[in-house]
Amino acid sequence: MRDRQTENSIAVMDKYDFTILYLEDDPDSVELVSFTLGLDKIGVKAVSNAEEALESVMIEEFDLFMLDGLVDTGYSFELCRKLRKLCPSIPIAYYTALGFPQDIQNGLKAGADIYLVKPFVGDLAHTIRQAIANRRDQ
């Protein structure tokens, strides 16, 4: 017999085509991204630091990891390397205001599949879906 929390979790998961883990410490960004992606049937689990991200990865499944490079004062590059080792088949996207060429290079070297600089004017949901599809094709 399932408990109410399990039933609610299953109902939420059925609502989305994909679920992403979003490392972001700005509540307004989390709300905007969650709402926007939710309209495209992409669920968002938001965490505000690298420790929470790693804990979530150990107990939940995600289709993509999306990281803000400004969280944990640059530790996100180390987190990206850890996520790549732990979950080599899951795509990683940076979605950050860090847009200098060295930042982009560091993010891609750390294991990110894509690096998007805020404000990203493209279709975020399409970009996420494409990254998931590309990683699955490998």
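Those letters in the sequence shown? Residues 6 to 143, by the working numbering. Cβ atoms here follow ideal geometry from the backbone N, Cα and C, with glycine treated the same way.
Secondary structure of residue i, DSSP reduced to three states
i    : result
L28  : strand
G112 : helix
A58  : helix
F70  : strand
V126 : coil
Residue i: CB within 7 angstroms of a non-hydrogen atom of the ligand HEM
i   : result
V35 : No copy of the ligand HEM occurs in the structure displayed, which carries no ligand at all.
Residue i, buried or exposed, once every other Cβ within 10 Å from all chains shown has been counted against 16
i    : result
F82  : buried
V49  : buried
G104 : exposed
Cutoff 6 angstroms; reference residue i; Cβ partners in own chain excluding five residues on either side
i    : result
I109 : Y120
K114 : none
L42  : V49, A130
Beta-ladder partner(s) of residue i, from DSSP
i   : result
L51 : In the sequence as displayed, the identity of residue 51 is Ala instead of Leu. Answer is Y27.
Y99 : L72, Y120
Sequence-distant residues of its chain with Cβ nearer than 8 angstroms to residue i (five each side left out)
i    : result
N139 : P96, D118
C46  : One detail in the question is off: residue 46 reads as Lys in this sequence, not Cys. Closer than 8 angstroms at the Cβ level, and outside the excluded window around K46, lie K20, Y21, D22, F23.
Beta-carbon proximity list for residue i, same chain, < 7 angstroms, skipping 5 on both sides
i   : result
S39 : V49, A51
A58 : L26, L28, V52, L84
L75 : T101, A102, L103
Decide if the segment 23 to 30 is in contact with the segment 59 to 70; the criterion is three or more beta carbon pairs, one per stretch, under 8 angstroms apart.
yes
Would you say the segment 28 to 38 touches the segment 52 to 59, given that touching needs at least three Cβ pairs under 8 angstroms?
yes
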